[in-house]
Structures are given as C-alpha cells and as structure tokens.
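All remarks here apply to the structure that follows.
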Amino acid sequence: MNLKETLNSRYTTKEYDASKKISDTDMAEVKNLLRMSPSSVNLQPWHFIVAETTEGKARMAKGTQGFFHFNEPKVTNAAAVVLFCVKTDADDTYYQHIADTEDKAGRFPNEDIKNGFLGAVKAFAGIHKYDLKDLQHWMEKQVYLNIGSFLLGVASLGLDATPMEGIDVKALDEEFGLREKGFTSLVAVSLGYHAESDFNATDKTPKSRLPESEIFTQI
Ligand SMILES: Cc1cc2nc3c(=O)[nH]c(=O)nc-3n(C[C@H](O)[C@H](O)[C@H](O)COP(=O)(O)O)c2cc1C
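Position 136 of the sequence shown, counting from 1, maps to 136 under UniProt numbering, and the rest follow consecutively.
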C-alpha cells in the first residue's frame, strides 16, 4: 500500500475479530514504532504497557468500566492493547540519563558537545517546568506525537487500530502502579484485525474530513 492508500483506508476499528492474532514479527515492528518516535530534545517521556494475553487484556479492561464501557469489547477482543503512559515529572537525573543514552549511542564526539546537549535539554525542559509551568502537559504532547505516528505506522503494517481516550486513567494507574513509578496513563490503542461486521470499516461507513478549502491557506 502506498501512503495515500494507507491514509485513506486506516480507520478507527470498532469491532475486532477476536480469533486473529498479530505475528511476533509484526509485534516487534509495533514496539520499534513506539521506541523510534521523535520527541522534543529526545526526552522520550513515555512508558508503554503492552497486553497480548487474555489476562493482560482483562487487566487493561479495568480501564473500560462504568462510563467507559463502550470501549470494553475493543480492548478484550483486540489482539493487543498498548497503554501509552507519560512521566509525571522530569528532573536533572532524568536529563542526565537521556544525555548518557545519547552518549552511549555514539552521538557525542567530545564532552563539550555532550554538555551542550545536556544544557539544551535542561533549558527547554526548564522553560516548561518553571516559566510556562506546563512540564507535564508538554510531555503529554510528546506522547501524543508518538500516538500519531503510531497510528499511521501500524496501518502501514496492515494492522487495524483503535485509539482510546475513553479510558479510566485513575483505575489504570492503580492497576499498574503507575503513579508510584512516576507515570500516569494517557491513551490506550487497541490493535488487531477488524471483524467482518465492523460497521465503521471503510467499505460500510465512509470516512469524514473537513474539506481542503476549509483547512488550508495557500500563500
Ligand atoms: C486521541 C484520540 C482518542 C480517541 N478516543 C476514542 C475512544 O475512546 N473510542 C473510540 O471508539 N474512538 C476514539 N477515537 C477515534 C476518533 O473518533 C476517530 O479517530 C475520528 O473520528 C476519525 O476517524 P478515523 O480514525 O476512523 O479516521 C479517538 C481518536 C483519537 C485520535
């Protein structure tokens, strides 16, 4: 599939074929997509909980109770579910960890360049932590960027997906002990293969987008 076909055919799956599993090769690609996403100053302020077993998906479904019950079958019948989590704080120890990781990858020809990078990380993060006071919000933006590229990436692998903000983040944070670990849950994305009866499949329900004339200004 070329890019245009991938963009036009991907859609939010509402009903999964529970009998279909994702191959190990594709799951490795899925994890690589999550890991390789860009983020501002390469902060990578994320953690991912990946559920592929019935037990794992049952734990994930604790976030789709009550008000969020409409998303429950999309969790339990999918082949896999990824919970995108974001850091709740970042400090000098973490910035150093990022710089050390870049160092290990061989990105710094000398210590001065490494220190320059570390200074840039601290400066940008500092703007959000102290000036704008939106550090957590800024880190969430980085995670959302990952989600965006993830949705296109999994579609290019031929996988169906459902991004879900309709989850009980408090219940999921408790289930996975996330807050104690310095994270909180943000969005879940189910993956797998749609059921023939999925009403939202593009052969049954057309996609809808605002027209080009409304969203572009050509200069
Ligand atoms: C961040 C985000 C959260 C969403 N949350 C839900 C959700 O909880 N449940 C659901 O069925 N669809 C959810 N959607 C799907 C959107 O409704 C869908 O992406 C939008 O209508 C465009 O349709 P398409 O994805 O089929 O192209 C979400 C999408 C995004 C990007």
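Positions of the beta carbon are idealized from the N, C-alpha and C atoms, including for glycine.
Exercise. Using three-state DSSP, classify K129 as helix, strand or coil.
Key: Residue numbering aside, residue 129 sits at position 129 when the sequence shown is read from its first letter. Here DSSP, grouped into helix, strand and coil, assigns K129 to helix.
Practice problem: Would you give the residue range spanned by the beta strand (DSSP E) that F48 belongs to? | Solution: Against the sequence shown, residue 48 aligns to sequence position 48. Where F48 is concerned, the enclosing beta strand (DSSP E) stretches over W46 to A51.
Quiz item: Which class does D173 belong to by DSSP, given the choice of helix, strand or coil?
Solution: Position 173 of the sequence shown, counting from 1, holds the residue named residue 173. Looking at D173 - three-state DSSP - the assignment turns out to be helix.
Exercise. May I ask you to list the residues that DSSP assigns as paired with G192?
Key: If you number the sequence shown from 1, residue 192 lands on position 192. For G192, which the question treats as bridged, DSSP gives the partners D160.
Quiz item: Under a three-way DSSP split, which group does Y11 fall into?
Solution: To locate residue 11, count along the sequence shown from 1; it is residue 11. DSSP places Y11 in coil when its eight states are reduced to three.
Practice problem: Give the DSSP bridge partners of F183, in chain order. | Solution: The residue given as residue 183 occupies position 183 in the sequence shown. For F183, the beta-bridge partners assigned by DSSP are K87.
Quiz prompt | C-alpha distance - K20 paired with S39, whole-angstrom precision | solution = Walking along the sequence shown from the start, residue 20 turns up at place 20. Walking along the sequence shown from the start, residue 39 turns up at place 39. Spanning the two alpha carbons is a distance of roughly 33 Å.
Practice problem: Could you tell me the boundaries of the alpha helix (DSSP H) in which V30 lies? | Solution: Within the sequence shown, the letter at position 30 stands for residue 30. Taken as a continuous stretch (DSSP letters only), the alpha helix (DSSP H) holding V30 covers D24 to M36.
Quiz item: Which of helix, strand or coil does DSSP assign to A105?
Solution: Numbered from its first residue, the sequence shown carries residue 105 at position 105. Three-state result, A105: coil.
Quiz item: Can we say the segment 190-205 touches the segment 96-106, given the rule of at least three CB pairs closer than 8 Å?
Solution: The segment 190-205 vs the segment 96-106: no contact.
Self-check item: A80 (DSSP reduced to helix, strand or coil)
Solution: In the sequence shown, counting from the first residue as 1, residue 80 sits at position 80. If DSSP states are grouped into helix, strand and coil, A80 belongs with the strands.
Exercise. List the whole-angstrom C-beta distance separating T162 from T53, where the pair is believed to meet the contact cut-off of C-beta under 8 Å.
Key: As a position in the sequence shown, residue 162 is number 162, starting the count at 1. As a position in the sequence shown, residue 53 is number 53, starting the count at 1. In fact, because the Cβ distance is near 19 Å, the residues do not count as touching under 8 Å.
Exercise. Verify whether the separation of the beta carbon atoms of A79 and G192 is less than 7 Å.
Key: If you number the sequence shown from 1, residue 79 lands on position 79. If you number the sequence shown from 1, residue 192 lands on position 192. One thing to note: A79 has its Cβ within 7 Å of the Cβ of G192.
Quiz item: So is the beta-carbon of M139 under 6 Å away from any non-hydrogen atom of ligand 1?
Solution: Sequence index remark: in the sequence shown, residue 139 carries index 139 (1-based). Not so, every heavy atom of ligand 1 lies at least 6 Å from the Cβ.
Exercise. Say yes only if the C-beta of N42 is nearer than 6 Å to one or more non-hydrogen atoms of ligand 1, and no if none qualify.
Key: Locating residue 42 in the sequence shown gives position 42, counting from the first residue. Outside the cutoff, so no.
Quiz item: Between the beta-carbon of A201 and the beta-carbon of G63, is there less than 7 Å?
Solution: Residue numbering aside, residue 201 sits at position 201 when the sequence shown is read from its first letter. Residue numbering aside, residue 63 sits at position 63 when the sequence shown is read from its first letter. No, the pair does not count as a contact, with Cβ atoms beyond the cut-off.
Self-check item: L145 to T76 span [Cα, whole Å]
Solution: Here residue 145 is taken as the residue at index 145 of the sequence shown, counted from 1. Here residue 76 is taken as the residue at index 76 of the sequence shown, counted from 1. Those two C-alpha atoms are separated by around 26 Å.
Quiz item: Is the Cβ-Cβ distance between G182 and K87 less than 7 Å?
Solution: Position 182 of the sequence shown, counting from 1, holds the residue named residue 182. Position 87 of the sequence shown, counting from 1, holds the residue named residue 87. In contact: G182 and K87 (Cβ atoms closer than 7 Å).
Quiz item: Using the C-alpha atoms, what's the distance from G66 back to W138?
Solution: Taking the sequence shown and counting its residues from 1, one reaches residue 138 at position 138. Taking the sequence shown and counting its residues from 1, one reaches residue 66 at position 66. Spanning the two alpha carbons is a distance of roughly 30 Å.
Practice problem: Could you tell me if the beta carbon of G166 falls within a distance shorter than 6 Å of some heavy atom in ligand 1? | Solution: Residue mapping note: residue 166 aligns to position 166 of the sequence shown, counting from 1. Correct: G166 has its Cβ closer than 6 Å to ligand 1.
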